[in-house]
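Worksheet: one structure, shown below.
There are 2 protein chains.
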Amino acid sequence: MTFEDSDPIGEFDVIRRFFSPSKGSPSQGHFSQNPVLLGIGDDCALMNSPPPGEVYAITSDMLVAGRHFFKDANPTLLGHKCLAVNLSDLAAMGAKPIAYNLSIALPDIDIAWLEQFSNGLHTIADVHDCTLIGGDTTAGPLTISITAIGTVHPQQALRRSGALVGDDIWLSNTVGDARLVLGFRRGEWNTPLPWQELAIRMDGPTPRIDLGLGLRGVASSAIDVSDGLLGDLGHILDASKVSAKIWIDDIPCSPPLREVSLELRRLCTLKGGDDYELCFTAPQKNRSLVQSLSEHLHLPLTRIGEVTKRIPEQPNMALLDKDNVPLPVDLAKQYMRSFDHFK
Amino acid sequence: MTFEDSDPIGEFDVIRRFFSPSKGSPSQGHFSQNPVLLGIGDDCALMNSPPPGEVYAITSDMLVAGRHFFKDANPTLLGHKCLAVNLSDLAAMGAKPIAYNLSIALPDIDIAWLEQFSNGLHTIADVHDCTLIGGDTTAGPLTISITAIGTVHPQQALRRSGALVGDDIWLSNTVGDARLVLGFRRGEWNTPLPWQELAIRMDGPTPRIDLGLGLRGVASSAIDVSDGLLGDLGHILDASKVSAKIWIDDIPCSPPLREVSLELRRLCTLKGGDDYELCFTAPQKNRSLVQSLSEHLHLPLTRIGEVTKRIPEQPNMALLDKDNVPLPVDLAKQYMRSFDHFK
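Sequence order for the protein chains is A and B.
If you want the numbering used here, it's the 1-based position in the first sequence plus 102.
If you want the numbering used here, it's the 1-based position in the second sequence plus 102.
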């Protein structure tokens with residue numbers, strides 16, 4: 103409300119210059135018609151029906167400077183990450199990305215920052231054929247809010263509520279690096295590690311879209327690891343009304359994370375967030391299908407546990423160490439707590 | 103990232119307690135099946151196809167404390183307004199609201215504030231049968247980002263690009279009160295006026311959903327007045343490649359605004375934002391249809407101008423005073439400038 107008239111470019115110039123769709127006309131993909139009937143520039147975007155038999159999957163994530171990223175974060179990577187975390191939710195549902203809109207509050211108009219940010223954003227959007235269809239640009243503390251839209255067959259959607267007793271629990275790639283990097287940047291630890299190499303795991307997560315698509319009809323449930331592996335797995339267990347045993351020292355992690363103390367490794371792999379890998383359950387009979395998918399995608403998929411019957415008044419997870427001994431309840435509880443912005 | 107574990111309630115409690123859908127199961131409305139297949143609580147919401155022949159209309163608006171509203175704004179009205187401004191965009195497209203998601207950054211967890219805010223939000227959502235399907239809750243400077251989804255027949259969508267030379271230009275209700283109140287609150291003017299009565303025009307705007315629906319097949323274009331009447335009308339004129347003449351002193355305004363100086367009245371009615379009335383164009387042959395709609399809705403609809411041919415290098419609006427004399431170009435330009443968050 104207090105801006106002066108002297109700024110060289112304004113809100114509408116920013117939208118025109120940086121937030122026009124990266125492609126002239128989006129690809130039709132598996133749609134019989136272009137999914138986006140009308141994009142940026144009107145009061146609303148218009149989207150055609152999803153392909154016959156499919157439904158739209160819709161998700162939103164908001165990233166706030168100083169909370170989800172450091173204020174001096176690399177703008178290109180930030181542009182990548184703010185869409186990646188939304189695409190990760192589509193992946194966790196088994197949905198194919200179609201479109202997104204972006205609302206952004208900017209403290210000021212910094213052309214160089216906007217160029218890099220929008221480059222990062224448009225690059226990952228193009229990779230996943232995801233069209234920018236609208237949004238809002240305003241002044242305010244740096245905040246990025248995206249709503250992403252994908253398509254999925256409702257019977258194949260990877261809901262959190264589908265895990266059954268006896269199912270395997272799987273994890274893609276490795277977890278814990280993002281938390282390791284965060285702790286280093288915050289000064290929580292200072293171990294000599296290849297930090298520059300590791301940084302990309304926090305700053306440039308890869309949404310596991312192809313994995314999500316491949317798991318349609320194979321997995322019984324899925325979630326993306328954004329707030330910590332055990333906390334997020336807990337959402338599956340609660341929604342499915344089951345429990346789990348987890349072999350916590352078998353959880354796959356990167357070589358640097360294998361070098362640190364057992365305590366730090368467990369903290370990072372079990373409780374660390376921001377990894378955006380998929381944790382999913384699948385019937386044991388689908389093991390070879392999951393393994394084939396892993397080879398096909400060149401993406402490690404590791405069995406980390408098993409779905410068990412829920413017993414009233416009992417913790418919903420048994421955390422087993424490398425000797426198959428359950429962790430003491432108090433310690434286990436600490437690891438099982440999801441990241442909470444207000445706690 | 104720096105929150106302590108001592109807060110009494112956390113992120114997930116906030117979602118459960120305040121941002122669960124206000125209704126157990128949303129009404130099917132004109133859908134043959136429930137439009138929302140899966141609501142809050144998974145990685146994505148799932149939405150069925152729009153009814154046959156219709157498409158989804160999607161819009162986003164972000165409201166930032168200290169920019170779009172004062173930090174001490176009444177939380178109930180704020181909850182109302184942040185959805186109302188999104189519904190207003192659906193109205194301007196002629197779309198029927200279906201669902202929305204909400205991403206909110208909160209500086210802290212203030213139970214009383216959240217109760218009032220969510221009451222305001224759910225109340226207007228219920229009025230328009232608009233279901234909360236998801237979102238994100240995080241810590242940060244108070245920022246509210248909503249994406250609203252509606253349905254419309256693509257041929258009847260009120261696009262900005264449909265205005266034709268000779269069309270009438272119409273405005274719903276009155277404009278200018280929101281700007282008048284803003285100026286009073288900012289200390290720009292201090293005229294004795296019924297401020298308490300006027301405040302609701304800034305704090306509790308009414309999205310003109312029924313008007314938008316009634317204008318399907320009647321209006322040739324529409325926009326909602328959020329950034330100033332002339333600036334917003336300018337978007338229609340640009341998209342339609344036409345010009346306009348406007349009888350600026352005939353623009354309907356409230357009795358208090360008729361009492362202030364001509365200069366202040368013009369500033370508020372022509373350039374003031376935040377009114378969320380609809381400005382639309384319609385062929386002259388539809389005058390009686392528009393007037394019937396006005397009576398049916400008990401909502402004044404006033405002709406304020408006419409669409410004219412665009413002449414290269416000429417301003418796209420002629421602003422005529424009560425004596426039909428065009429305003430000097432420099433003065434006219436000032437009124438025609440849209441509100442810009444960065445200018």
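Backbone N, C-alpha and C define an ideal beta-carbon position, used for all residues, glycine too.
Helix, strand or coil for residue i per DSSP?
i, result
"Ser263/A", "helix"
"Thr293/B", "coil"
"Asn388/A", "helix"
"Val344/B", "coil"
"Ala197/B", "coil"
"Thr239/B", "strand"
"Cys184/B", "helix"
"Cys232/A", "coil"
"Leu403/A", "strand"
"Val431/A", "helix"
"Leu244/A", "coil"
"Val327/B", "coil"
"Val450/A", "In the structure as shown, chain A begins at 103 and stops at 445. Residue 450/A is therefore absent and cannot be evaluated."
"Phe219/B", "helix"
"Ile353/A", "coil"
"Ser394/B", "helix"
"Val320/B", "coil"
"Ile206/A", "strand"
"Ser162/B", "strand"
"Ile213/B", "helix"
"Thr383/A", "strand"
"Ser190/B", "helix"
"Phe286/B", "helix"
"Thr276/A", "coil"
"Thr178/A", "helix"
"Thr308/A", "coil"
Pull up the DSSP beta-bridge partners for residue i, would you.
i, result
"Val92/A", "In this structure chain A extends from 103 to 445, so residue 92/A is not present and cannot be described."
"Asp423/B", "BP columns for Asp423/B are empty, so no partner."
"Leu140/A", "Leu148/A"
"Phe114/A", "Its beta-bridge partners do not exist; DSSP assigns none."
"Phe171/B", "Ala167/B"
"Ile271/B", "Thr383/B and Gly407/B"
"Thr249/B", "Ser162/B and Asn203/B"
What residues in its chain sit with their C-beta under 7 Å from that of residue i, if we drop five residues either side in the sequence?
i, result
"Gly407/B", "Ile271, Ala346, Lys347, Ile348 and Trp349"
"Ala384/B", "Asp269, Asp270, Trp272, Val320, Ala321, Ser322 and Val392"
"Val277/B", "Val327, Leu331, Ile353, Cys355, Thr371, Gly374, Asp377 and Glu379"
"Leu399/B", "Asp312, Leu313 and Gly316"
"Arg261/A", "Ser323"
For residue i, which residues from the same chain have a beta carbon less than 6 Å from its beta carbon, with the 5 sequence-adjacent residues on both sides left out?
i, result
"Ile142/A", "Gly236"
"Gly375/A", "Ser328, Asp329, Gly330 and Phe441"
"Gly252/A", "Ala159, Leu192, Ala197, Lys198, Pro199 and Ile200"
"Ser263/B", "Ala341 and Ser342"
"Lys125/A", "With a pLDDT of only 45 at Lys125/A, under the threshold of 50, the placement of this residue in the model should not be trusted; the figure read from the coordinates follows. Closer than 6 Å at the Cβ level, and outside the excluded window around Lys125/A, lies no residue."
"Leu335/B", "Cys381"
"Ile206/B", "Thr239 and Ile246"
"Gln135/A", "Asn150"
"Leu295/A", "Pro358"
"Val157/B", "Pro256"
Thinking C-alpha only, which one of the options is nearest residue i?
i, options, result
"Asp377/B", "Gln135/B, Asn150/B, Thr178/B and Val187/B", "Val187/B"
"Leu208/A", "Pro177/A, His230/A and Leu234/A", "Pro177/A"
"Thr225/A", "Cys381/A, His182/A, Ile325/A and Ile206/A", "His182/A"
"Gly222/A", "Phe121/A, Glu299/A and Leu266/A", "Phe121/A"
"Leu422/A", "Tyr437/A, Pro414/A and Leu139/A", "Tyr437/A"
"Glu290/B", "His170/B, Leu366/B and Lys424/B", "Leu366/B"
"Cys184/A", "Asn203/A, Met195/A and Ala194/A", "Asn203/A"
"His255/B", "Leu140/A, Ile311/A, Thr308/A and Phe286/A", "Leu140/A"
"Val229/A", "Phe172/A, Asp145/A, Val344/A and Pro309/A", "Pro309/A"
"His170/B", "Ala434/B, Leu284/B, Pro430/B and Asn292/B", "Leu284/B"
"Leu148/B", "Lys411/A, Ser274/A, Leu282/A and Pro152/A", "Pro152/A"
"Leu165/B", "Leu266/B, Ile111/B and Leu244/B", "Leu244/B"
"Leu339/B", "Val362/B, Pro402/B, Lys173/B and Arg412/B", "Arg412/B"
"Asn426/A", "Ala434/A, Val409/A and Asp351/A", "Asp351/A"
Would you mind giving the Cβ-Cβ distance between residue i and residue j, rounded to the nearest angstrom? I have them listed as a contact below 8 Å.
i, j, result
"Asp163/A", "Ile248/A", "6 Å"
"Val116/A", "Leu216/A", "7 Å"
"Phe444/A", "Ala167/B", "The Cβ separation is near 17 Å, so there is no contact."
"Ala324/B", "Ala194/B", "5 Å"
Say the cut is 7 Å; is the CB of residue i nearer than that to a heavy atom of the ligand FAD?
i, result
"His400/A", "With respect to the ligand FAD, the structure shown offers nothing to examine, as it has no ligands at all."
Less than 8 Å between C-beta atoms, sequence neighbours within five positions excluded: which residues of the same chain meet that for residue i?
i, result
"Arg360/A", "Arg367"
Can you list the residues of chain D that residue i reaches, using a CB-CB cut of under 7 Å?
i, result
"Met149/B", "No chain D is present in this structure, whose protein chains are A and B."
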